[in-house]
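Trainee:
There are 2 protein chains.
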Amino acid sequence: MDDKKTTKERIARGAASLFRKQGYAAATLRQIASAIGIKSGSIYYHFDSKQDILFQIMDSTLCELTSIVEEGITKIESPLQKLYAAIDTHIRYHIDNLDYTYAADTEIRSLNEENLKIIIAKRKRYENIFKEIIIEVTTNSTTRIINTKLTTLALLQMCTGLSLWFQKDGELSIQDVIDQYYQFVMSGISDNEK
Amino acid sequence: MDDKKTTKERIARGAASLFRKQGYAAATLRQIASAIGIKSGSIYYHFDSKQDILFQIMDSTLCELTSIVEEGITKIESPLQKLYAAIDTHIRYHIDNLDYTYAADTEIRSLNEENLKIIIAKRKRYENIFKEIIIEVTTNSTTRIINTKLTTLALLQMCTGLSLWFQKDGELSIQDVIDQYYQFVMSGISDNEK
DNA sequence: GTCTATAACTAGATAGAC
DNA sequence: GTCTATCTAGTTATAGAC
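Structure (structure tokens):
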């Protein structure tokens, strides 16, 4: 048993893992409860509903991700170094929190109307961090970019897609992935080298 | 009513649309039936089960996509032109069949064991088309590629991600998207220009 | 804070009328 | 080929014992 965490955290962790494997709709509260050794009724002491579990997972993940990416670029002046730092943080956070980021990235359609509004707004804010950096990069260089919005989405899509196939014990190291992705993105958006 | 198609095709079409909006598990047979103006019991005359609908959608989509991409590159000699043609076909097919490709790209986890094997194998085959092209491109040029598998997955992830946000009536034309994506990919994997 | 028991509901699937 | 009616099972959520 995972004694280091509160029951609430253990429920969220178990839920995120099942949401990733089966999807939100297909994962049942009985499975979530059973995964951490409690009964489904007990979940309602910690969460209001199944929807509430999903929302809290997505909300906390988006908030944390946004805050560490913002923090990571705050002292950097060079646009290119900002871009590298943002990609680096994004990828490392995704790899360290595969279950949570997978839910945050793919389960928007499972949110109810009220929660959807909140998450969409936070997502936009996160995407804007990257969009701003890309605009900075391109204003100071010969650029290949046709559309910054498209580029931002393509970039994030590519980096986020890691959650779908990356395996910690696989053949590729995290550093390999970050370097290759940065190379990919950098050369894709700018004629400048280095 | 869509008189041009058989009922079976209309069911598949309605199902794919709902699978995209809500996910396979959350979409009900009653919703699918209602979307095309029949009752849920009637579906079983055309399909064995809900799982069968999903499988046939994914299988036919993967088969068709594979065949038109293969056909599109068959007469092309230049590796770079092959890459462009493959990306072009992939993106156009995705945009023309958003509901079907979305299911094929995201609902693997909803397949049962038997169907999973079949789809995984066809997916691998499709990915290999791109991997082979990337290997061809990189053997004839100064390359930035660390790992062809990673590059293939990043490329496909990026192009496939279109299904998540692209809107036909949006500000971006299909040609814009294809050009930017090809630029992105090309410069990402090779030092050669054009 | 976790349990058991169960209410209220909805799902996929089947059978047989037409 | 589509319908109505229904079976069976599983779902979220609640109530109250401990």
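For the protein sequence lines, the chains are E and S, in the order given. Counting in the numbering used here, the first sequence runs from 2 upward without gaps. Counting in the numbering used here, the second sequence runs from 2 upward without gaps. Each residue gets a CB set at the ideal place from its N, CA and C atoms; glycine is no exception.
#1: Taking DSSP as the reference, what is the three-state secondary structure of Thr144 of chain S?
#2: So the candidates are E:Gly15, E:Tyr127, E:Lys76 and E:Leu163; which of them puts its Cα closest to the Cα of Asp60 of chain E?
#3: Once the 5 residues before and after Met2 of chain S are set aside, which same chain residues still bring their CB inside 7 Å of it?
#4: Going by C-alpha distance, which of S:Arg110, S:Tyr103 and S:Ile135 is nearest Leu163 of chain S?
#5: With three or more beta-carbon pairs closer than 8 Å as the criterion, would you say the segment 71-85 of chain S touches the segment 172-192 of chain E?
#6: Which residues in the same chain have their Cβ closer than 8 Å to the Cβ of Lys150 of chain E, if we skip the five residues on either side of it in sequence?
#7: How long is the line joining the alpha carbons of Ile88 of chain E and Ile179 of chain E, rounded to whole angstroms?
#8: Which two residues bound the contiguous alpha helix (DSSP H) that contains Gly73 of chain E?
#9: Along the alpha helix (DSSP H) that carries Thr152 of chain S, what are the first and last residues, could you check?
#10: So with CB distances below 9 Å, who are the chain E contacts of Gly162 of chain S?
#11: Quick one: complete alpha helix (DSSP H) runs, 4+ long, within the segment 74-132 of chain S?
#12: In whole angstroms, what separates the C-alpha of Lys9 of chain S from that of Ile77 of chain E?
#13: Just how far apart, CA to CA, sit Ala28 of chain S and Phe20 of chain S?
#14: According to DSSP, is Glu10 of chain S helix, strand or coil?
#15: Below 8 Å on C-beta distance, what does Arg124 of chain S contact in chain E?
#16: Measuring straight from C-alpha to C-alpha, what distance separates Gln32 of chain E and Ile54 of chain E?
#17: Check the Cβ-Cβ distances between Gly15 of chain S and every residue of chain E, and say whether any is below 8 Å.
#18: Let me know if Asp100 of chain S comes out buried or exposed under the rule of 16 or more other beta-carbons within 10 Å of its beta-carbon.
#19: Buried or exposed for Ile121 of chain E, please, with buried defined as at least 16 other CB atoms from any protein chain shown within 10 angstroms of its CB.
#20: So which residues on chain E does Asn199 of chain S lean against when the C-beta distance must stay under 9 Å?
#21: Count the other CB atoms within 10 Å of the CB of Glu194 of chain S; is the residue buried (16 or more) or exposed (fewer)?
#22: Does chain S have any CB closer than 8 Å to the CB of Gln57 of chain E?
#23: Just tell me which of S:Thr139, S:Gln158 and S:Lys51 has its CA closest to the CA of Thr107 of chain S.
#24: In chain S, which residues lie less than 7 Å from Gln23 of chain E when you measure between Cβ atoms?
#25: If you reduce the DSSP assignment to three classes, tell me which class Glu137 of chain E lands in.
#26: Check the Cβ-Cβ distances between Gln32 of chain S and every residue of chain E, and say whether any is below 8 Å.
#27: Counting only the same chain and skipping the five closest in sequence on each side, list residues whose C-beta sits under 6 Å from that of Lys83 of chain E.
#28: What is the DSSP secondary structure of Gly218 of chain S, counted as helix, strand or coil?
#29: By DSSP, does Asp170 of chain S sit in helix, in strand, or in coil?
#30: Would you call the CB atoms of Thr67 of chain S and Ala105 of chain S closer than 8 Å?
#31: How far does the alpha helix (DSSP H) with Gly42 of chain S in it reach, from first residue to last?
#32: Give every residue of the same chain whose Cβ lies closer than 6 Å to the Cβ of Ile109 of chain E, excluding the five residues on either side of it in the sequence, and list them in chain order.
#33: Can you list the residues of chain S that Leu151 of chain E reaches, using a CB-CB cut of under 8 Å?
#34: From the DSSP output, in three-state form, read off Ile37 of chain S for me.
#35: So, is the C-beta of Phe185 of chain S closer than 8 Å to a C-beta in chain E?
Mentor: According to the structure data:
#1: For the purposes of this step, residue 144 of chain S is identified with residue 143 of the second sequence, where counting begins at 1. Strand at Thr144 of chain S.
#2: Position 59 of the first sequence, counted from the first residue, corresponds to residue 60 of chain E. Minimum Cα distance to Asp60 of chain E is reached at E:Tyr127.
#3: In the second sequence, counting from the first residue as 1, residue 2 of chain S sits at position 1. Low confidence applies here, because Met2 of chain S scores a pLDDT of 49, under 50, leaving its location unreliable and the question unanswered by this model.
#4: Here residue 163 of chain S is taken as the residue at index 162 of the second sequence, counted from 1. For the residues S:Arg110, S:Tyr103 and S:Ile135, the minimum Cα distance to Leu163 of chain S belongs to S:Tyr103.
#5: no
#6: What you label residue 150 of chain E is simply residue 149 of the first sequence in a count that begins at 1. Taken in chain order, the residues that qualify are Lys132.
#7: As a working mapping, residue 88 of chain E is identified with position 87 in the first sequence. As a working mapping, residue 179 of chain E is identified with position 178 in the first sequence. So the alpha carbons of these two residues sit roughly 7 Å apart.
#8: Along the first sequence, read from residue 1 onward, the residue named residue 73 of chain E stands at position 72. Unbroken alpha helix (DSSP H) run through Gly73 of chain E: Lys51 to Ile74.
#9: Mapped onto the second sequence, residue 152 of chain S falls at position 151. Element bounds for Thr152 of chain S: Thr149 to Thr161.
#10: Translated into positions along the second sequence, residue 162 of chain S becomes position 161. Those within 9 Å of Gly162 of chain S in chain E are Leu154, Ala155, Leu157, Gln158, Met159, Thr161 and Gly162.
#11: 80-97 and 99-107
#12: Position 8 of the second sequence holds residue 9 of chain S. Position 76 of the first sequence holds residue 77 of chain E. Cα-Cα distance, rounded: 58 Å.
#13: Translated into the one-based positions of the second sequence, residue 28 of chain S becomes position 27. Translated into the one-based positions of the second sequence, residue 20 of chain S becomes position 19. Roughly 6 Å between the two C-alpha positions.
#14: For this step, residue 10 of chain S is matched to residue 9 along the second sequence. Residue state, collapsed to three classes: helix.
#15: In the second sequence, residue 124 of chain S corresponds to position 123, counting from 1. Going along chain E, no residue has its Cβ under 8 Å from Arg124 of chain S, so there is no contact; the nearest lies around 11 Å.
#16: Here residue 32 of chain E refers to the residue found at position 31 when the first sequence is read from its first residue. Here residue 54 of chain E refers to the residue found at position 53 when the first sequence is read from its first residue. About 14 Å.
#17: As a first step, residue 15 of chain S must be located in the second sequence, where it is residue number 14. No, Gly15 of chain S does not count as interfacial toward chain E.
#18: Sequence index remark: in the second sequence, residue 100 of chain S carries index 99 (1-based). The residue is buried, with at least 16 neighbouring Cβ atoms inside 10 Å.
#19: Stepping through the first sequence from its first residue, residue 121 of chain E is reached at position 120. Counting Cβ neighbours within 10 Å, Ile121 of chain E comes out exposed, since fewer than 16 surround it.
#20: There is simply no residue 199 of chain S to check, as chain S begins at 2 and stops at 195 in what is shown.
#21: Mapped onto the second sequence, residue 194 of chain S falls at position 193. The predicted model places Glu194 of chain S with a pLDDT of 43, which falls under 50 and marks its position as unreliable; any figure quoted below should be read in that light. Burial call: exposed.
#22: Here residue 57 of chain E corresponds to residue number 56 of the first sequence, with the count starting at 1. False, the Cβ-Cβ gap to chain S never drops below 8 Å.
#23: Here residue 107 of chain S refers to the residue found at position 106 of the second sequence. The residue with the shortest Cα to Cα distance from Thr107 of chain S is S:Gln158.
#24: Numbered from 1 along the first sequence, position 22 holds the residue referred to as residue 23 of chain E. Within chain S, the residues near Gln23 of chain E are Arg110.
#25: As a working note, residue 137 of chain E is residue 136 in the first sequence. In the structure shown, Glu137 of chain E sits in a helix (DSSP, three-state: H, G or I).
#26: Start at 1 with the first residue of the second sequence, and residue 32 of chain S comes out as number 31. It does not: the Cβ of Gln32 of chain S has no partner Cβ on chain E nearer than 8 Å.
#27: Within the first sequence, numbered from 1, the residue matching residue 83 of chain E stands at position 82. Within the same chain, Lys83 of chain E has close Cβ partners Ile74, Ile77 and Ile134.
#28: There is no way to answer for residue 218 of chain S, as the model of chain S reaches only from 2 to 195.
#29: Taking the second sequence and counting its residues from 1, the one referred to as residue 170 of chain S is at position 169. Coil, per DSSP.
#30: By one-based count along the second sequence, residue 67 of chain S stands at place 66. By one-based count along the second sequence, residue 105 of chain S stands at place 104. Result no, Cβ atoms of Thr67 of chain S and Ala105 of chain S do not sit closer than 8 Å.
#31: Translated into positions along the second sequence, residue 42 of chain S becomes position 41. Run containing Gly42 of chain S: Ser41 to His47, per the alpha helix (DSSP H) assignment.
#32: To locate residue 109 of chain E, count along the first sequence from 1; it is residue 108. For Ile109 of chain E, where only same-chain residues beyond five positions count, there are no Cβ hits under 6 Å.
#33: Along the first sequence, one-based indexing puts residue 151 of chain E at 150. Going along chain S in sequence order, the residues near Leu151 of chain E (Cβ under 8 Å) are Leu173, Asp177, Val178 and Gln181.
#34: Counting from one through the second sequence, the residue named residue 37 of chain S turns up at place 36. Here Ile37 of chain S sits in coil by DSSP.
#35: As a first step, residue 185 of chain S must be located in the second sequence, where it is residue number 184. Yes, Phe185 of chain S lies at the interface with chain E (some Cβ there is under 8 Å from its Cβ).
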